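Here is the structure we will look at, set down as structure tokens.
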Amino acid sequence: VAVTLPRPQALVTELEWLIIDGRPYELVFDTNLQWINAYDGPHTVEVQDDNQGVVRPRSGDGRVKAPIPGLITRVLVEAGTAVQAGQALLILEAMKMENEIRAPFDGVVSSISTVAGQTVVRNQVLIEVQ
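Each number in this note's numbering corresponds to the 1-based position in the sequence shown with 1 added.
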């Protein structure tokens, strides 16, 4: 499967969501695009032409946003919690599937803007990591 992603130098450990056959899937990939962790486990990546991609704008400010609308079923961290890149922060239920929303990088949770039972919209800020 060919996937176009931002240039590796524009990334920190990154989370992306894809809709495949009407179902959301979370991808976690590293800064050098050497691996991705997909719904069916980790995979190595072979970059065939890194000059075709475009750099996607990103703030890099640690705001973790809802990738899709849904219901927050569990918040797994508290403000002040030290987290590692890829660590689950909360569970977002969408289309009858539970999706782990993960930390974009190593840091400390500085604020939580949601609670279990809250309905959220796409791109709503859920947690901030510094």
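Idealized CB from N, CA, C, for every residue including glycine. Since this is a predicted model, take the numbers as computed values, not measurements.
Practice task
Return the chain-ordered list of same chain residues with a C-beta closer than 8 Å to the C-beta of A80, the five sequence neighbours on each side being excluded.
Solution key: Short of 8 Å from the beta carbon of A80, and not among the five residues preceding or following it, lie these beta carbons of its own chain, in chain order: V110, S111, S112 and I113.
Problem - Member of D62, L91, G87 and Q85 whose CA lies at the smallest distance from the CA of V121 - result: Scanning D62, L91, G87 and Q85 for the CA closest to the CA of V121 turns up L91.
Exercise for the section: Pick out whichever of V130, V116 and R64 has its Cα sitting closest to the Cα of G150. Expected result: This structure cannot settle anything about residue 150, because the visible part of the chain is limited to 2 through 131.
Exercise for the section: Closer than 6 Å by C-beta to N124: which residues in its own chain qualify, once you throw out the five before and the five after it? Chain order, please. Expected result: K66
Exercise for the section: Express the C-alpha separation of E94 and V84 in angstroms, rounding to a whole number. Expected result: Taking the straight line from one Cα to the other gives about 22 Å.
Practice task
Report the three-state DSSP secondary structure of V116 (helix, strand or coil).
Solution key: coil
Handout entry: Counterpart residues of G108 in DSSP-defined beta bridges
Key = BP columns for G108 point to V84.
Practice task
Determine the contact status of Q119 and I73, defining contact as a CB-CB distance below 8 Å.
Solution key: yes
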